[in-house]
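Single-structure report; data block below.
Chains as they are written, first to last, in this note's numbering: chain Z, 124 to 517; chain D, 26 to 350.
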């Protein structure tokens, strides 16, 4: 391919500037807020069992988020990030994948991990960084990960997983695996250099990766219009030569349909896809944030009317796949379960002292052995100052 | 045994690694059909195909991000950064991602199969942006291994060990020696140990330590000092991280004098770390202060390169000062 081809296309003899907004990007919508389907809309591949699994995941998500925000306010957990109002994006997309597909998330996709089967206790163990946390208590709350469930452990620096997802997917393809990688990020992270690096690498090297952008309107306090000037994130996918789709991110059927189609394309063509899911972050960015400082109550209320969970519930009721009784029952049961699990997890011991120095390398090097031994001797001398570990040193 | 220059030795190691494991990939800017600007990957695309040896877009953070993903997936990526001076756009991917992947996930995931190759160092009239020795920046980051070979034989054995090591390894290649250094290199497979220094020459009066291209300099200074009747023990550190404290400390306990030389600027270079550790280990054995002979605390200059360098004469003077203390 050369630059020559561009000279042979449409020719004009007057300067004709174009911009991203002159590219019309349609938004896929299937489900209306009252639970009815748009006329002519095509449903995703879904039956009652799948619908129930998705809906129960959404409820678990909502209950855990609400409970953990409260737990953080009570000082029981140091930090939390909820996804109130945008749960459909992660849950619906995870439901459109196969179990062997790798999930590389940013930090607000606990819904995808729930869908894969991460248990309530596993969530709690990570949130309380106790000795049963798969991450051995090394990262802040919400940095989940599970090799068994193909969910890459979260990294705090924003956007770093984007080029990694391109590499991961390229490896899957090279080894002839029937698998893709999905990579989640927000519209804020799409400003990072890694976004551009990752999309370009995936496009040029034809990696079967789904870049899933949750455009939820805010990056902490910075609104989308101060984040980018183009036509959202979708227009950039087009620029990199990647098939791109914009969807209503609060419409679970649209999210599911888009992901099912994207996965099929990735596998068949061995190429990437960009999906931009338009949504709204109803809650705070994290428990360290207070959105009343930068947006109005009216704006939030407007978006509350687009609640994706209510929308799906309405559809389930309309299908006669769900009842109000079932609904109250499951909410109540989950609230009890979450509280009980929280009480157990917060009492489990912190990780052992040895976990300070393991996993830096594949084996603990001599200098770290030495530093650990010196530390143990010191703790033994001042046991009261280090109550978490002093009683457990052998 | 064959005669090879340093580039041929590296090319030979890459060839062996790619032949033994289908999941081994070489990529970076211009490494494909052209074989890299220094030709280190010459012939590999021809032999192993475009899918396993390829050019990337011009994006260092993309190269390392892509490599991290491949390594986490179970492939064995060997990523090339065209000049060590241009590794900084990839700094976040190396320092925050490669180095911490295993630790932060509690060993659920790792990128241990990753190797990063990059030419470093000066003396090639390359000026500010083609001459830097950035090893110390990475040495401050737990989780990485850092290796610097001094000649073709070392380069092949250490690179094969780096590729097969189950930790991410940064492999800095002394580009001044790419074609200048020629030596005997076995054509068959062999490995040299990571994390171990090598005593290149035994001596009793003073210990001289360096790594990479700087080894030539201290060997030359040692020859001058020997002519004055000073017996020098010459050691190649080989691995910056983890580094071989024991071999160095044993030597300094024996000689009582210690001169370290590095190409990089003096302040906060890896020589400083070595000096601090060795004075703690060997305090009562030292006959004179530990000396560091380094580049100046300036960017690497173009016209006055020779003045800037920690050359053999500066090392020779440091040896004499140490002896006369």
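Glycine included, every Cβ here is placed at the ideal spot set by N, Cα and C.
Would you kindly work out how many angstroms separate the C-alpha atoms of residue 447 of chain Z and residue 141 of chain D, rounded to a whole number? Rounded to whole angstroms, the gap between the alpha carbons of residue 447 of chain Z and residue 141 of chain D is 58 Å.
In the DSSP assignment, what are the bridge partners of residue 53 of chain D? D:80 and D:105.
Does the beta carbon of residue 144 of chain D sit closer than 7 Å to a beta carbon anywhere in chain Z? No, residue 144 of chain D lies away from the interface with chain Z (no Cβ there is under 7 Å from its Cβ).
Taking the beta carbon of residue 386 of chain Z as the centre, do at least 16 other beta carbons fall within 10 Å, making it buried, or is it exposed? Buried, by the Cβ-count rule.
From the DSSP output, in three-state form, read off residue 378 of chain Z for me. If DSSP states are grouped into helix, strand and coil, residue 378 of chain Z belongs with the helices.
C-alpha distance - residue 29 of chain D paired with residue 215 of chain D, whole-angstrom precision: Going by the C-alpha atoms only, they are around 15 Å apart.
Could you tell me whether the segment 372-385 of chain Z touches the segment 155-175 of chain Z, using the rule of 3 or more Cβ pairs below 8 Å? By the Cβ rule, the segment 372-385 of chain Z counts as touching the segment 155-175 of chain Z, because three or more pairs are nearer than 8 Å.
If the cut is a Cβ gap below 7 Å, which residues of chain D does residue 270 of chain Z touch? Result: 133 and 134.
My understanding is that residue 117 of chain D touches residue 86 of chain D, with C-beta atoms under 8 Å, so please give their C-beta distance in whole angstroms. Right, their Cβ atoms sit about 7 Å apart.
Might you give, ordered along the chain, the residues of its own chain that have their beta carbon closer than 7 Å to the beta carbon of residue 174 of chain Z, omitting 5 neighbours on each side? The answer, listed in chain order, is 439 and 444.
Please list, in chain order, the chain Z residues whose beta carbon lies closer than 9 Å to that of residue 137 of chain D. The contacting residues are 484 and 485.
Nearest residue (CA-CA) to residue 155 of chain Z, options Z:362, Z:429, Z:511 and Z:514: The residue with the shortest Cα to Cα distance from residue 155 of chain Z is Z:429.
Given that residue 81 of chain D touches chain Z, what residues does it touch there, using C-beta distances under 8 Å? Near residue 81 of chain D (Cβ distances below 8 Å), the residues of chain Z are 324, 327 and 328.
Members of the segment 246-263 of chain Z near chain D, C-beta cut-off 9 Å: Under the 9 Å Cβ criterion, the segment 246-263 of chain Z contributes 256, 257, 258, 259, 260, 261 and 262.
With a threshold of 7 Å between beta carbons, is residue 28 of chain D in contact with chain Z? It does not: the Cβ of residue 28 of chain D has no partner Cβ on chain Z nearer than 7 Å.
Does the segment 245-260 of chain D come into contact with the segment 120-129 of chain D, if we say contact requires no fewer than three beta-carbon pairs (one atom in each stretch) closer than 8 Å? Short answer: they don't touch.
Let's test the definition: count the other Cβ atoms within 10 Å of the Cβ of residue 56 of chain D and tell me whether it reaches 16, buried, or not, exposed. Buried.
Give a yes or no on whether the minimum CB-CB distance between residue 121 of chain Z and chain D is below 7 Å. The question about residue 121 of chain Z has no answer, for chain Z in this structure spans 124 to 517.
Would a check of beta-carbon distances place residue 59 of chain D closer than 7 Å to chain Z? Chain Z, which has no Cβ nearer than 7 Å to the Cβ of residue 59 of chain D, makes this no.
Please return the same chain residues whose Cβ sits closer than 8 Å to the Cβ of residue 149 of chain Z, not counting the five positions on each side in sequence. Same-chain partners within the cutoff: 369.
Are at least three pairs of beta-carbons, each pair with one atom in the segment 285-303 of chain D and one in the segment 320-329 of chain D, less than 8 Å apart? Touching, yes, given that three or more Cβ pairs across the two stretches are closer than 8 Å.
Would you kindly report the start and end of the unbroken alpha helix (DSSP H) that includes residue 321 of chain Z? DSSP places residue 321 of chain Z in the uninterrupted alpha helix (DSSP H) bounded by 316-328.
Pairwise C-alpha distance: residue 325 of chain Z and residue 366 of chain Z: Roughly 12 Å between the two C-alpha positions.
Taking the CB atoms as reference points, tell me whether residue 137 of chain D and residue 257 of chain Z lie closer together than 7 Å. No.
Closest to residue 307 of chain D by C-alpha separation, out of D:280, D:39 and D:180, would be which residue? Of the listed residues, the one whose Cα sits closest to residue 307 of chain D is D:280.
In the segment 468-501 of chain Z, which residues sit with their C-beta less than 7 Å from some C-beta in chain D, listed in chain order? So the list reads 482, 483, 484, 485, 488 and 490, given in the order they occur along the chain.
Check whether chain Z comes within 7 Å of residue 20 of chain D, counting only Cβ atoms and requiring the distance to be less than that. The shown model of chain D, from 26 to 350, leaves out residue 20 of chain D, and the question about it has no answer.
Check for me: the beta strand (DSSP E) holding residue 316 of chain D runs from which residue to which? Judged by DSSP secondary structure, residue 316 of chain D falls within the beta strand (DSSP E) whose first and last residues are 316-320.
According to DSSP, residues forming a beta bridge with residue 141 of chain D: D:104 and D:195, per the DSSP bridge assignment.
How many whole angstroms separate the CB atoms of residue 127 of chain D and residue 179 of chain D, which I take to be in contact at a CB cut-off of 8 Å? Between residue 179 of chain D and residue 127 of chain D the Cβ distance is about 27 Å, and since that is not below 8 Å, they are no contact.
Can you tell me which of the three DSSP states residue 154 of chain D falls into? Here residue 154 of chain D sits in coil by DSSP.
Using Cβ-Cβ distances below 7 Å, what residues of the segment 350-364 of chain Z are close to chain D? Listed by position, the residues of the segment 350-364 of chain Z near chain D (Cβ gap below 7 Å) amount to none.
Let me confirm a value: residue 416 of chain Z is counted as buried when at least 16 other C-beta atoms fall within 10 Å, else exposed. Which label applies? Exposed: under 16 other Cβ atoms inside 10 Å.
Out of Z:328, Z:499, Z:481 and Z:358, point me to the one whose CA is closest to residue 80 of chain D's CA. Closest option to residue 80 of chain D, Cα to Cα, is Z:328.
Give the list of continuous beta strand (DSSP E) stretches no shorter than 3 residues that lie fully inside the segment 194-270 of chain Z. Here the runs fully enclosed are 225-227.
In the DSSP assignment, the alpha helix (DSSP H) including residue 126 of chain D goes from what residue to what residue? Counting along the chain, residue 126 of chain D sits inside the alpha helix (DSSP H) bounded by residues 126-129.
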